[in-house]
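Down below is the structure, laid out as structure tokens.
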Amino acid sequence: MKTVLILATVAALSATAATAAPHGGSAFIHDYDTNKDGSVSRAEFDAERAVRYKATDANKDGTVSEEEYVGEYSARLEKELAASTDSEDRKTEERQRQIRQAHVRFGVLDTNKDNKIQQSEYDASGARAFAQQDDDKNGTVTQADATATAAKQLAARENRDQK
Ligand SMILES: [Ca+2]
Ligand SMILES: [Ca+2]
Ligand SMILES: [Ca+2]
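When the sequence shown is numbered by my numbering, its final residue is 171 and no position is left out of the sequence of numbers.
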């Protein structure tokens with residue numbers, strides 16, 4: 009059971025890493041550096057996460073359902089796929105894989121298992137993601153932090169693949 013959870017978490021993280029990292033930079037910084045100074049402060053991150061949570065809650069009932077969560081992700085995924093030069097077969101495969109992972113991520117995020125992601129659950133997940141990216145733990149994710157984190161994640165994946 010624990011292994012399943014770890015695998016799901018790893019899958020969630022690799023999904024984040026797999027989304028476009030333009031110019032070889034960090035997808036995390038690309039996504040959250042709203043003032044474009046090259047790093048992500050905790051305040052920037054929290055503000056952007058709050059916006060995303062509200063945007064994902066499509067019916068504005070204050071919680072995010074599985075349908076809303078996967079729907080929001082799917083819309084972003086389709087944009088990426090539309091921009092990709094892969095064959096249609098590859099895109100179909102990728103779409104199925106990523107959507108499956110989105111459902112798994114929903115299950116991981118829904119820690120109290122009520123089939124909804126509450127803001128508190130979303131925030132807890134965000135705090136974990138930020139802490140993981142912030143390699144030197146000084147409260148700001150710089151390119152150096154992101155690079156160090158990516159190297160660690162790669163090593164962890166390789167380690168897992170060898171088992
Ligand atoms: Ca910034
Ligand atoms: Ca909702
Ligand atoms: Ca929940």
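We put the CB at the ideal spot given by N, CA and C, even for glycine. Since the structure is predicted, the reported quantities are computational estimates derived from the model, not experimental observations.
With respect to valine 149, glutamine 141 sits close: the two C-beta atoms are nearer than 8 Å. For glycine 115, the enclosing alpha helix (DSSP H) has its first and last residue at 96-117.
Contact between threonine 71 and lysine 124 holds, with the beta-carbon distance rounding to 4 Å and staying under 8 Å. Judged by DSSP secondary structure, aspartate 45 falls outside any alpha helix (DSSP H); it is assigned neither H nor E. In the same chain as glutamine 170, and ignoring 5 residues on each side of it, no C-beta atom comes closer than 6 Å to its own.
The shortest C-alpha to C-alpha distance from aspartate 41 to any of Ala154, Glu76, Asp65 and Ala164 is the one to Ala154.
Put simply, the backbone Cα of alanine 132 is about 22 Å away from that of arginine 108. When distances are taken from the beta-carbon of glutamate 52 to the heavy atoms of ligand 1, the shortest one is below 7 Å. Secondary structure of lysine 124 (DSSP, three-state): strand. Annotated as proximal: tyrosine 77 and alanine 110, with beta-carbon spacing under 8 Å. In the three-state reduction of the DSSP assignment, threonine 64 falls in the helix class, which pools H, G and I. Between glutamate 80 and threonine 93, the gap from beta carbon to beta carbon reaches 8 Å or more.
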